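Using our numbering, the first residue of the sequence shown is number 107, and each one after it goes up by one. For every residue, glycine included, the Cβ atom is placed at its ideal position computed from N, Cα and C. Being a predicted model, the structure only gives us computed values, none of them experimental. Structure first, commentary second.
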Amino acid sequence: SFPTRRSSDLRCVFCFSPRVFQVSPTKTRFNPRSMKKLLLLLLLCCGWMTQRAAPADSLIRISTDETDLVLKISPAGRLYQVYLGEKLRHFEDARRLNWQVRTGSDGSYPVRGFEAYAAGETEDFFEPALGVTHADGNKTTYLYYQNHRQQPIDGGTETLITLRDDRYPLQVVLHYAAYPKENVIKAWSEITHTESQPIVLNRMGSAMLYFDAARYFLTNYHGDWAKEAQPATQQLQFGKKVIDTHLGTRAAMQSQPFFELGFDAEPRENEGRVLLGTMAWTGNFRCTFEIDNTGVLRLLPGINPYASAYTLAPDSVFVTPQFIFSLSRSGVGTASRHLQDWARRYQLKDGMGDRLTLLNNWENTGFDFNGKKLATLMREAKQLGVDLFLLDDGWFANKYPRNDDRAGLGDWAVNRQKLPEGIAGLTRDAKRAGVKFGIWIEPEMINPKSELFERHPDWVIRQPNRETYYYRHQLVLDLANPAVQDHVFGVVDSILTHHPEVAYFKWDCNSPITNVYSPSLGEHQDNLYVDYVRGLYKVLQRIAKKYPRVPMMLCSGGGARCDYEALRYFTEFWCSDDTDPYERIYIQWSLSKFFPLKAMASHVTDWNKKTDLKFRIDVASMGKLGFDMDLSQLSEADWRFCRKAVARYRELKPVIFDGDVYRLLSPYESQHAAVNVVDKARNRAVLFTYNLHPRYAENLRPVRLQGLDPDRQYLVEEINLRSGTRGLNTTLSGDYLMKVGLQVLRPDEGTSRVFSLTAR
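And the structure:
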C-alpha cells in the first residue's frame with residue numbers, strides 16, 4: 107500500500123543487515139539470530155516511508171522572466187503552493203516560505219496550507235481540483251509527491267510533477283509550461299489509475315492557484331448571439347463566484363472562457379497587478395473564484411462537471427484542458443501583449459503567417475445564388491483587391507436542397523440545380539477571376555430533413571424516449587462516435603481530395619447540444635460532453651495532419667467559439683455576426699485583450715447601412731479584413747475608396763497582424779475609442795481613432811500614443827481619406843507623440859480617422 111519510491115530507497119533496507127544471509131562462493135547459510143534485527147529495521151523503514159520525507163531540495167520553481175510560481179513539498183510529502191507573483195530576484199529567499207501560511211486568529215490552531223492540487227472529501231473544506239469515486243465507492247483521495255522533472259519545449263520549459271494516492275493506484279501528473287520571454291504559463295493535469303474497475307471523476311481541474319491580496323476584482327465576459335464579449339466587473343467577496351457554460355458547443359452564448367483579475371483594484375489598462383487567464387477548451391468549462399476564511403483567493407479552472415461525472419477505465423489517461431495565464435504588475439495592456447506574442451509563436455495555427463482578405467457572399471445573396479452570380483462576385487472580389495472569394499451556406503444537398511436552414515445539413519454534395527458545374531466550376535471561375543476560392547461548412551450538424559439522417563439516425567444526439575427539441579431546425583451529430591468522426595473528417599477530406607484548389611474553409615457551428623443522449627456511449631452518458639469535444643479534436647488533428655496549410659475560420663453562430671485549443675487548428679475566428687461598426691468597436695476592444703488582431707475576422711457589411719462606408723472599413727481594418735456586402739450598389743467614388751483602403755491595408759498588414767497593441771481610449775469610458783499598433787522594431791505604427799456618439803460641446807483631449815521610440819522622428823500620415831480630402835501629414839518625435847499626443851478626435855458621430863506612422 108506504500109507509494110512507489112526510488113529503488114535506492116528500497117535497497118537500503120537490506121544493505122544494513124549483512125549477517126541475515128551469509129553468502130559464500132559455494133553456499134548461502136541463513137542466520138536466524140539476525141532475523142529479529144531485520145524485522146525491527148523493516149518496521150523502522152516502513153515508518154520512514156510512510157512519513158514520505160521530502161527530498162533535500164523541496165522547492166519546485168516554475169519561472170518566466172517576470173513571474174515565479176513556487177511549489178514546496180512538505181515533510182509529509184504533500185505538495186503546496188508557497189508563492190505566485192513577481193519574479194524573485196534572489197531565489198534562496200523562497201526557502202523562507204512555508205506551506206503552512208496561516209494560523210488561527212489566536213494562534214492556537216493551524217490553517218491548512220495551499221495544496222497545489224487538492225482532492226475532494228479530505229481535510230480541505232473548499233472547492234477541490236480533483237474529485238474521484240474509486241471503484242470500491244470510496245470518495246477520498248490523498249495525493250503525495252513522487253517525483254518531478256523539467257524538460258525543454260519550444261520557447262520554454264515544461265515542469266512535470268507526479269503525485270500518487272497512498273492507498274489507491276491513482277496518479278496525477280501536473281504540467282506547467284513556462285514561456286520566459288512571453289511571461290505566459292500553461293497549466294494542466296493528467297489523471298490515470300490501475301484500479302480493478304473504472305473510477306468516476308466528478309471534478310477535473312486543470313490547475314489550482316492561490317492569491318493573497320486585500321481585495322480582488324474580476325472582469326469576466328458574457329454574451330449571446332450578436333452580443334459577444336460583454337464585460338462585467340465586480341469585487342469578489344467571501345465565497346464563490348463561478349463563470350461557466352453548459353451548452354456543449356456554442357459555449358460563449360453564456361460565458362466566454364477568458365477573464366481579467368485585478369489585485370487590490372479593478373483591472374486597469376496601464377497600471378496595477380492583474381492576471382489575464384483563459385481556458386483552452388471548446389466545450390463546457392468552469393472557472394471558480396473562491397475567497398476562503400483567511401481572505402485568500404483560490405482560482406480553479408477546468409472542465410465543467412455539469413452532467414459530466416466522467417467514467418474513466420483502468421489504464422486510461424484523462425487530460426484536462428490547458429489553463430493559460432499571464433501576470434502583470436503594469437496593467438492589462440502588458441499582460442495582453444504577452445499573451446498575443448505567445449499565441450502567435452506557439453498556439454495559433456500559422457500564428458506567424460499571413461492572412462487572406464476576402465469577399466463573402468452571405469449578406470449579399472443569402473441562399474439565393476447560382477454559378478453565374480457567383481462568378482460575377484468573384485470578379486468583383488478581384489476588382490476590390492482582396493485575396494479570396496468565400497462561398498457561404500446554401501451550396502449543397504439535392505434530395506432536400508439547402509434553400510433555407512430547415513433542410514440539407516449533412517448532405518455535403520453540391521446542389522446540381524444551383525451549381526451544375528459543381529465545385530470544379532467554382533474553382534475554375536475563381537482562377538479566371540484571379541482570386542482564391544473558399545467554402546462554408548457546418549459538418550458537426552444535421553437537419554432531420556436530410557439523406558444522412560435517413561441513413562444514420564443513430565449518429566444523432568437525441569433522447570430515445572422523449573419529444574425532440576430542435577434548435578434552429580437542426581440537431582448535433584454524435585462526435586463521441588468514431589464513425590461520426592470519420593464522416594466529419596470526410597466532409598473536408600472529400601472536398602480537398604477532389605478539389606485541391608479549395609484554399610479556405612469557414613467552419614460553422616450554429617447549435618448547442620440539445621436532447622443530450624449519445625447512442626454510442628450506452629450507460630456512460632455522463633461522458634458525452636467531454637467525449638464530444640475530444641471527438642472534435644480528433645477530427646481537427648486529422649485535418650491538420652493531412653492538410654496543414656489550409657486556413658480555416660472558426661465560427662459558431664458568430665463568436666460563440668473562441669478558445670486557444672480550437673485555435674491550434676484555425677487561423678482565425680469570427681468575432682460576431684453583429685457587424686454594426688458601433689457594436690463591433692466594443693466587441694473587438696474586448697477580444698483584443700486576449701487574441702492577436704490577425705485572429706479576429708472582421709468584415710465590412712451593410713449592418714447599420716446608415717453609417718459611412720469609411721467608418722465601417724476603418725473599424726473592420728482593426729482586425730483581419732473582409733467584405734460581405736453587395737458591391738454592385740456602390741457608387742464609383744465608393745469603389746475607388748474601397749480599392750484604395752484595401753491596398754493600404756495590405757501594405758500595413760504586417761504591423762496590424764504582428765505588432766504590439768496599445769488600447770489608448772476605451773469606448774466603455776467615453777464616446778470615443780483609440781488603438782495604436784507598433785511593429786517590434788518600432789519602425790512602423792498604425793493609429794485607429796473612432797468617434798461614436800460624442801457629447802455636445804465635448805472637450806476633446808489629445809490622444810497620446812504608446813510603444814514608440816521616443817528618440818526617433820515619425821512621419822504621421824492620415825490614410826483612408828475620401829477623394830479630395832486633406833488629412834494630417836507631419837513629422838513628430840516619438841517622445842512628443844507619447845507625451846503630448848495628437849488632436850485627432852472629432853465631435854462628429856460615426857466618424858473615424860486612421861494614421862500611418864513611419865520612423866525616419
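Which residue marks the beginning of the beta strand (DSSP E) containing residue i, and which one marks its end?
i	result
GLN569	It is not in any beta strand (DSSP E) - GLN569 carries neither H nor E in the DSSP assignment.
THR711	No beta strand (DSSP E) holds THR711; DSSP gives it neither H nor E.
ASP174	173-179
SER302	Unbroken run through SER302: none, as it is neither H nor E.
THR837	835-839
HIS444	Not the beta strand (DSSP E): HIS444 falls in the alpha helix (DSSP H), residues 438-448.
TYR189	185-192
TRP546	542-547
ALA865	857-865
THR471	First-last for THR471: 468-471, but that is the alpha helix (DSSP H), not the beta strand (DSSP E).
LEU793	790-797
PHE676	It is not in any beta strand (DSSP E) - PHE676 carries neither H nor E in the DSSP assignment.
Is DSSP giving residue i helix, strand or coil here?
i	result
ASP683	coil
CYS151	A caution first: CYS151 carries a pLDDT of 41, below 50, which makes its placement in the model too unreliable to give a value.
GLY237	strand
TRP331	coil
GLY641	helix
PHE559	helix
VAL809	strand
LYS873	Any property of residue 873 remains undetermined from this structure, which presents the chain solely from 107 to 866.
ASN253	strand
Straight-line CA distance for residue i to residue j?
i	j	result
THR533	ALA539	10 Å
ALA319	HIS281	26 Å
VAL306	HIS778	52 Å
VAL639	ASN633	10 Å
ILE409	PRO258	27 Å
TYR670	ILE723	27 Å
ARG852	MET359	35 Å
GLN303	GLU264	32 Å
LEU806	SER776	11 Å
GLY226	LEU249	11 Å
LEU175	VAL402	16 Å
SER624	ARG568	7 Å
ASP744	ASP718	10 Å
LYS699	PRO554	40 Å
Mind reading off the beta-carbon distance from residue i to residue j? Whole number of angstroms is fine, and I expect it under 8 Å.
i	j	result
PHE220	TYR186	6 Å
VAL809	LEU848	5 Å
TRP468	ASP498	4 Å
LYS730	ALA751	With a Cβ gap of about 15 Å, LYS730 and ALA751 do not count as contacting.
VAL566	LEU583	6 Å
ILE547	PHE495	About 16 Å; that fails the 8 Å criterion.
ILE649	VAL598	5 Å
ALA481	ALA503	Going by Cβ atoms, the distance from ALA481 to ALA503 rounds to 21 Å, so no, they are not a contact pair.
ASP398	ARG404	6 Å
LEU203	TYR223	Their Cβ separation, rounded to whole angstroms, is 18 Å, which puts LEU203 and TYR223 out of contact at 8 Å.
LEU276	HIS254	No, LEU276 and HIS254 are not in contact; Cβ-Cβ is about 18 Å, not under 8 Å.
LEU406	MET314	6 Å
GLY765	VAL781	Not quite, the Cβ-Cβ distance comes to about 11 Å (not below 8 Å), so this is no contact.
So, is the C-beta of residue i closer than 8 Å to a C-beta in chain B?
i	result
ALA293	The chain inventory of the structure shown lacks chain B, comprising one protein chain alone.
If you follow the alpha helix (DSSP H) that residue i is in, where does it begin and where does it stop?
i	result
LYS347	LYS347 -> not in any alpha helix (DSSP H); beta strand (DSSP E) instead, spanning 345-350.
TYR623	Run containing TYR623: none; DSSP gives neither H nor E here.
GLU264	Element bounds for GLU264: not the alpha helix (DSSP H) but the beta strand (DSSP E), 262-271.
GLU742	742-764
GLN591	588-604
GLY528	528-539
PHE197	Per DSSP, PHE197 belongs to no alpha helix (DSSP H) and is neither H nor E.
GLU396	Counting along the chain, GLU396 falls outside any alpha helix (DSSP H), though it belongs to the beta strand (DSSP E) covering 391-397.
LYS479	477-490
ARG722	719-726
When you compare the stretch 428-447 with the stretch 285-296, are there three or more beta-carbon pairs, one atom per stretch, that lie closer than 8 Å? yes
The stretch 330-345 / the stretch 304-318 touching (three or more Cβ pairs under 8 Å): no
Taking contact to mean at least 3 C-beta pairs separated by less than 8 Å, is the stretch 355-373 in contact with the stretch 415-425? no
Count the CB pairs spanning the stretch 844-863 and the stretch 811-825 that are closer than 8 Å, and state whether there are at least three. yes
Taking contact to mean 3 or more Cβ pairs, one atom from each stretch, closer than 8 Å, check whether the stretch 740-759 and the stretch 830-838 are in contact. no
Is the stretch 651-669 in contact with the stretch 600-618, if contact means three or more CB pairs nearer than 8 Å? yes
For the structure I just gave you, are there three or more beta carbon pairs, one from the stretch 609-623 and one from the stretch 350-364, closer than 8 Å? yes
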